[in-house]
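All remarks here apply to the structure that follows.
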Amino acid sequence: VLVMKVNYVCFDFGNTLLHDPFDKVMRYQSKRFQSILKEHGHTLGRDEIVKAWKEANAKMHYPFISHFFQERPIVANMLERLRVSTSPPLISELLIAYRDGLKVAIASDKRLASVSYVLGELKRRGKKLAVLSSERAQSLSTMLLWAKLSRYFVKIMATESIGVDKPDPQVFWFLIRAINAKREEVVYVGDSYTNDIVPAKKFGIKAIWYNRANEQFEMKYRPDKTISDLVTLLDIIE
7 VLVMKVNYVC FDFGNTLLHD PFDKVMRYQS KRFQSILKEH GHTLGRDEIV KAWKEANAKM
67 HYPFISHFFQ ERPIVANMLE RLRVSTSPPL ISELLIAYRD GLKVAIASDK RLASVSYVLG
127 ELKRRGKKLA VLSSERAQSL STMLLWAKLS RYFVKIMATE SIGVDKPDPQ VFWFLIRAIN
187 AKREEVVYVG DSYTNDIVPA KKFGIKAIWY NRANEQFEMK YRPDKTISDL VTLLDIIE
């Protein structure tokens, strides 16, 4: 394995540091969602509710949307699919119940122990660590706190706060400026070829593709390394 010499290791958040918790939250909280809807006069099956929420989550896209933390427009879309009137108090209650489930899902995520180990070891080797994510600033810091990972990072950056989003390579200009680094000192680790690897390579920094699904396709911009487990970073970065 060729060793990579960098001083800064920067990470994407969603599906890199934390895998998507949505399905887990649906399993944990479907009963709670059902009883909230019932209290508001709507008797619906749990499967029906989960199906509508999944569809809404898959269909809703707008700048800086948080699919991990969930947002009011997604819940409203889910209620419309169930032909339930979208009252603000009902949306609030469902959103609170979702986020309660999210907190539990993150706390019980077995994978986070190894993520924490990798980050701690990189830090011990003198690397400065950062996060650059398309999450909202508020939800990003909350989830990192729940995952007990905040302490490893010198900088936590949400694209929402800079007003530019991935895959625009400009996001990396804001990142290196914020951490006061030169391009050649930085590697970015992310799960999305399109949103993480391509813009990083276009901008001129090293990129490691966390490709756990082992996707294969023609690549115009090649990652410097491809890994299927974050632990492998410890073999690559000295």
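Under our numbering, the first residue of the sequence shown carries the number 7, and numbering increases by one thereafter.
C-beta atoms are modelled at their ideal positions from N, C-alpha and C, and glycine is treated no differently.
- The residues ALA58, GLU61 and ALA62, in chain order, have a CB closer than 7 Å to that of ARG87 in the same chain once the five nearest residues on each side in sequence are set aside.
- Secondary structure at TYR104: helix, using DSSP grouped into helix, strand and coil.
- For the region 112-183, the full-length beta strand (DSSP E) segments reaching 3 residues or more read 134-139 and 159-164 along the chain.
- Positions of the alpha helix (DSSP H) runs, each at least 4 residues long and wholly inside the region 22-47, are given as 28-45 in order along the chain.
- Taking a cut-off of 8 Å on C-beta distances, the region 118-132 does not touch the region 77-96, as fewer than three cross pairs fall below it.
- By alpha-carbon distance to SER234, the top candidate from LYS226, ILE211, TYR227 and ARG218 is ARG218.
- Within the same chain, Cβ atoms closer than 6 Å to the Cβ of ALA111 are found at PRO27, LYS30 and VAL31, the five residues on either side in sequence being excluded.
- Per DSSP, ALA64 is one residue of the alpha helix (DSSP H) stretching across 52-65.
- In summary, GLY210 is exposed, with fewer than 16 beta-carbon neighbours lying within 10 Å of its beta-carbon over all protein chains present.
- Boundaries of the beta strand (DSSP E) around ILE214: 212-216.
- In this structure, the straight-line span from the alpha carbon of ARG183 to that of VAL204 is close to 20 Å.
- Rounded to the nearest whole angstrom, the CA to CA distance from GLY126 to MET149 is 18 Å.
- The beta-carbon distance between PHE70 and THR165, rounded to whole angstroms, is 7 Å. This is short enough to meet the 8 Å contact definition.
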